[in-house]
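As given, the protein sequences belong to chains A and B, one line each in that order. So the first sequence is residues 1 to 672, counted in my numbering. So the second sequence is residues 673 to 876, counted in my numbering. Ideal Cβ positions, reconstructed from N, Cα and C, are used throughout, including at glycine.
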Amino acid sequence: MKLKIRKEMLFGFGIMALIVLPSVLFMPWGNMTNGHWGLLMLALVVVAIMLGFPTAFTLMGMGVFFAWLAYRSVNPDLAGRQVLDLMVQRTYGVMNNESLLAIPLFVFMGYLVERAALIERLFKSLHLALSRVPGSLAVATIVTCAIFATATGIVGAVVTLMGLLALPAMLRAGYSVQLSAGAITAGGCLGILIPPSVLLIVYGATAGVSVVKLYAGAFFPGIMLATLYVGYVIVLAKWKPKLAPPLPESERRVAIPAINQPLVARGRNSIAVLGKSLFTAPPAGVTRRNIFGQFLVALLPIIVLSALLLVTYDLATKAPEVIDTASMPATFDSSSSGEGAAADPSAANTGLAEPPQDTGLAEPPAQDLNAPIAASKATPEAKVKAAIIPKPAPAIDKAAQERTDIPSWFWVFAGVLLAIMAVVALVLSWERLEVFKMLLTSFFPLAVLILAVLGSIVFGFATPSEAAAVGAFGGLLLALGYRYINHRRELGTGPAFAVTARDMGSIVQDSAFLTAKTTAMVCWLFVGSGIFSAAFALLGGQEIIERWVLSLGLSSLQFMILAQFIIFVLGWPLEWTEIIVIFMPIFIPLLAKFNIDPLFFGLLVALNLQTAFLSPPVAMAAFYLKGVSPPHVTLNQIFGGMMPFMAIQVLAVILLYMFPAIGMWLPQVLYK
Amino acid sequence: MQKALLFIDRVSTFVGKAFSWLIVILTFFVSWEVFSRYALDAPHAWAFDAMAMMYGTLFMMAGAYTLSKNGHVRGDVLYGFFQPRTQASLDLALYIVFFIPGVIALTYAGYFYAAESWAINEHSNVTADGPPVYPFKTIIPLAGGILLVQGIVEIIRCVLCLKQGYWPSRDQDVEEVDVEKLKVMVNVTDEDIMGAAPKAEGAR
């Protein structure tokens, strides 16, 4: 233990020396220009941060001092006044920052979703749904993490929760400790990258890049990273089954409720049996209402896909001039999508598949211009709505009369959808129906919430802060719904109301307090970095760095590799917030010189900073997992398990660099 | 002494917690505004100003609360491995070198900034006929002042720690990762965790 501590301190001091020594050696102490003071300030701030003083105030104090130094060199009499003005204006700028405004709302949404108590259901249903996949428990862990981390964005909570749920399950099933730990820690960090993530907002606010574009851009790289993780686990489980043995039959079996047993006797295919049973006498103990409800649930995939097909037909054959106007600034409603999402879980939870009866949906908004966009939205409700609601606007009426010919791709699309429907109808056995019901009450509500929030931002129906607020509202409803259902199972309808109400009081209160602390932490960092980066610019440190980098004669590729490497290394001693607010202002002006899109750079940085969470010895994720793992799991085993996933992250950075279209395609299509 | 420190902690916490309810109001307000704009076709011009003011007030006033709970992000490569006395002497020095000048500058500048705004009866220019901004600007010196007081408390804590060799205690607060609460939420007990050894080993 003693030795371990010594080693880590050595590591820290080593990095510190690495920064201090060159700056002391290469400073032209004889003739310090302002620029050199700037560089010295940069070296000092890294050292001061590593000493462990709260970063926001380190930046603030240093910024004030060095800004004063810079002003004094111009006019000593005015310096004090100017520093104070600069300081307060920067602070007020942070208080009025439209991008940062979304942070407390997304954070609040995250805390609410975390407290909705749905992760247990989510993991269980995904585990059953994926039970035939090799390494199924690890795959289910990663998928659960991806969804849950995306919605909450809180690494510590996700890793801890999955450490409680998935780690014992995997170890009991005979999975290797390394693989289990790696899957949990890597999966838990996915929320940093997959939008809506706070990291992207912080980057956007610092670099002056549109958060909307960043969200659109980070979506596919995030999915890619999650897919790579899953792919790695599957290959490993196939290759070395000892590390992730297949589940025994008893673990895979899905319990069919007793009420359905007489129905099961009538045939394997649940849709066919339920459909037939509607018209014949129901078996003893089963009501017709129950059969009808289950029939609707079983048909739900087919209903949703048919709706999708109808909407696509509507879009594909719409007169072209209407489609052209779609590129105009969209003003269509996000409330309907958000509320559709919010209403959905409660509707789904009752087990009846009634369409959400939201009054908000029935209002026909002025959507003549935006109907095509509206309809391509993520929520099925919105799609159904766009297709069903009679549109009073004349443009639409005209469009409806002048349908164009059906394009050939539509037939391909329709064929694929019909094939999917047919397969679903054929394979939906009773077990699968049960799994589908479980997914309906865990996976889909959360997925719909995320997609609705993300969709309304990316397609321009709402600003990030508006979508975040509606998402937080949805999170509130999710928490309410799940808590109520959980209590009702134990207590019955009446008492459950009272207990849920009490629960919600403490959930909202805890979430609000935590949100205040997290927001204060991030935004005070901006207050500090505002004055700090202003001082750096005033001193002209930026010019020295620029001159130096340009004198190296790097190609754009070399510069990119250098920048990413520096960020990767900084990820060890510093937190991602610090890296972004302190160092991005230095890198961003250089990007133009090398013809690099700041948006693309941001995606690479976001992917790169994932590794900071998994790199020992300061990997937060490992310590959270260690905190809840059984005593025989050592920290070294966890670190060892994280290594392959870290390698995959590096691979993902390289892939994104080689094929920028992974990230840039969506923003380019959407925001020409 | 400890009592006085905890009292100021509680004042900062009370202020921070009181203002943290703004996030709940903000959530409902923005949700309603979105609904109102799209469904009722009745947007409010002052909505953006109101949103920014709620957000700005929320995080500024929570600064001292966060400090009192040791919640501001700090580099943890070395700090965690230091002895409490080393931690306290470093903190003490840096509070005096960085924190005090920075926060005093902010409070002092904020005071005149707000006073000027009151004097000219300043209104927001984001939209025509915007809401008044002088109360919002007043938040800067207010938040700075509370933060300064809390900073002095932290400095005294450092001195106490230097004397005693251990950190004076703080009040408990809601934690981001509260393992016990999370265990209850997902119905996992310590036995479940302990019993998580692979079955194969048990069989052997």
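Residue interval of the alpha helix (DSSP H) (run including residue i)
i                 : result
VAL858 of chain B : Segment: none, VAL858 of chain B is in no alpha helix (DSSP H) and carries neither H nor E.
PRO283 of chain A : No alpha helix (DSSP H) holds PRO283 of chain A; DSSP gives it neither H nor E.
LYS124 of chain A : 119-129
PHE410 of chain A : 408-427
TYR838 of chain B : That residue, TYR838 of chain B, is in no alpha helix (DSSP H); it is neither H nor E in DSSP.
ILE194 of chain A : That residue, ILE194 of chain A, is in no alpha helix (DSSP H); it is neither H nor E in DSSP.
TRP572 of chain A : That residue, TRP572 of chain A, is in no alpha helix (DSSP H); it is neither H nor E in DSSP.
ALA722 of chain B : 719-733
ASN34 of chain A  : 34-50
LEU750 of chain B : Per DSSP, LEU750 of chain B belongs to no alpha helix (DSSP H) and is neither H nor E.
Counted within 10 angstroms of its Cβ, other Cβ atoms place residue i as buried (16 or more) or exposed
i                 : result
ILE697 of chain B : exposed
PHE26 of chain A  : exposed
ARG289 of chain A : exposed
LEU193 of chain A : buried
ALA298 of chain A : buried
GLN836 of chain B : exposed
GLN178 of chain A : buried
LEU215 of chain A : It should be noted that the sequence gives Tyr, not Leu, for residue 215 of chain A. Burial call: buried.
LYS871 of chain B : Confidence at LYS871 of chain B is low in this model, with a pLDDT of 49, below 50, so its placement is unreliable and no value can be given for it.
ARG682 of chain B : exposed
GLY541 of chain A : buried
LEU556 of chain A : The identity of residue 556 of chain A in the sequence shown is Ser, whereas the question assumes Leu. The residue is exposed, with fewer than 16 neighbouring Cβ atoms inside 10 Å.
Check whether residue i and residue j have beta carbons under 8 Å apart
i                 : j                 : result
PRO804 of chain B : GLU788 of chain B : no
PHE148 of chain A : LEU122 of chain A : yes
THR91 of chain A  : ILE772 of chain B : no
TYR737 of chain B : THR685 of chain B : yes
ILE184 of chain A : LEU167 of chain A : yes
LEU525 of chain A : THR144 of chain A : no
TYR751 of chain B : GLN759 of chain B : yes
PHE108 of chain A : THR699 of chain B : yes
LEU762 of chain B : LEU51 of chain A  : yes
LEU446 of chain A : VAL858 of chain B : no
PHE53 of chain A  : PHE770 of chain B : yes
PHE220 of chain A : LEU609 of chain A : no
ILE561 of chain A : LEU570 of chain A : no
Chain A contact for residue i (CB, 8 Å cutoff)
i                 : result
PHE825 of chain B : The question names Phe, but residue 825 of chain B is Val in the sequence shown. Not an interface residue.
ILE695 of chain B : yes
ALA800 of chain B : no
PHE691 of chain B : yes
HIS744 of chain B : yes
ALA781 of chain B : yes
ALA843 of chain B : Here residue 843 of chain B turns out to be Asp, not Ala, going by the sequence shown. No, ASP843 of chain B does not count as interfacial toward chain A.
ILE865 of chain B : yes
TYR727 of chain B : yes
GLU788 of chain B : no
VAL831 of chain B : no
THR738 of chain B : yes
Min CB distance residue i to chain B below 8 Å
i                 : result
GLU575 of chain A : yes
CYS523 of chain A : yes
ILE119 of chain A : yes
SER23 of chain A  : no
LEU10 of chain A  : no
GLU466 of chain A : yes
MET260 of chain A : Reading off the sequence, residue 260 of chain A comes out as Asn, not Met. False, the Cβ-Cβ gap to chain B never drops below 8 Å.
LYS626 of chain A : no
GLY530 of chain A : no
Residue-level contact to chain D via CB, residue i, 8 Å cutoff
i                 : result
MET504 of chain A : Although the question refers to chain D, the structure presented lacks it and instead comprises the protein chains A and B.
* Asked: Is there contact here, the region 475-484 of chain A with the region 499-514 of chain A, by at least three beta-carbon pairs under 8 Å?
  -> Flag = yes, the region 475-484 of chain A and the region 499-514 of chain A touch.
* Are three or more beta carbon pairs between the region 203-220 of chain A and the region 600-617 of chain A nearer than 8 Å? -> The region 203-220 of chain A vs the region 600-617 of chain A: in contact.
* Asked: Between the region 654-662 of chain A and the region 181-198 of chain A, are three or more C-beta pairs nearer than 8 Å?
  -> Note that the region 654-662 of chain A does not touch the region 181-198 of chain A; fewer than 3 beta-carbon pairs, one per stretch, sit closer than 8 Å.
* Specify whether the region 66-86 of chain A and the region 419-431 of chain A touch according to this definition: at least 3 beta carbon pairs, one from each stretch, less than 8 Å apart. => Not touching, per the Cβ criterion.
* Would you call the region 116-134 of chain A and the region 812-831 of chain B in contact, with 3 or more CB pairs under 8 Å? -> Contact fails: fewer than three Cβ-Cβ distances are below 8 Å.
* the region 838-845 of chain B in contact with the region 674-690 of chain B per 3-pair CB rule at 8 Å -> Result yes; three or more Cβ-Cβ pairs closer than 8 Å.
* Asked: Using 8 Å as the threshold, is the region 430-446 of chain A in touch with the region 261-273 of chain A, meaning 3 or more CB pairs across them?
  -> Yes, they touch.
* **Contact between the region 252-267 of chain A and the region 630-645 of chain A (3+ Cβ pairs under 8 Å)** => Contact fails: fewer than three Cβ-Cβ distances are below 8 Å.
* **Stretch-stretch touch, CB-based, cutoff 8 Å, three pairs: the region 665-672 of chain A with the region 485-505 of chain A** => With a cut-off of 8 Å, the region 485-505 of chain A and the region 665-672 of chain A do not count as touching, because too few Cβ pairs lie within range.
* Asked: Any contact of the region 708-721 of chain B with the region 534-542 of chain A, i.e. 3+ C-beta pairs under 8 Å?
  -> Contact fails: fewer than three Cβ-Cβ distances are below 8 Å.
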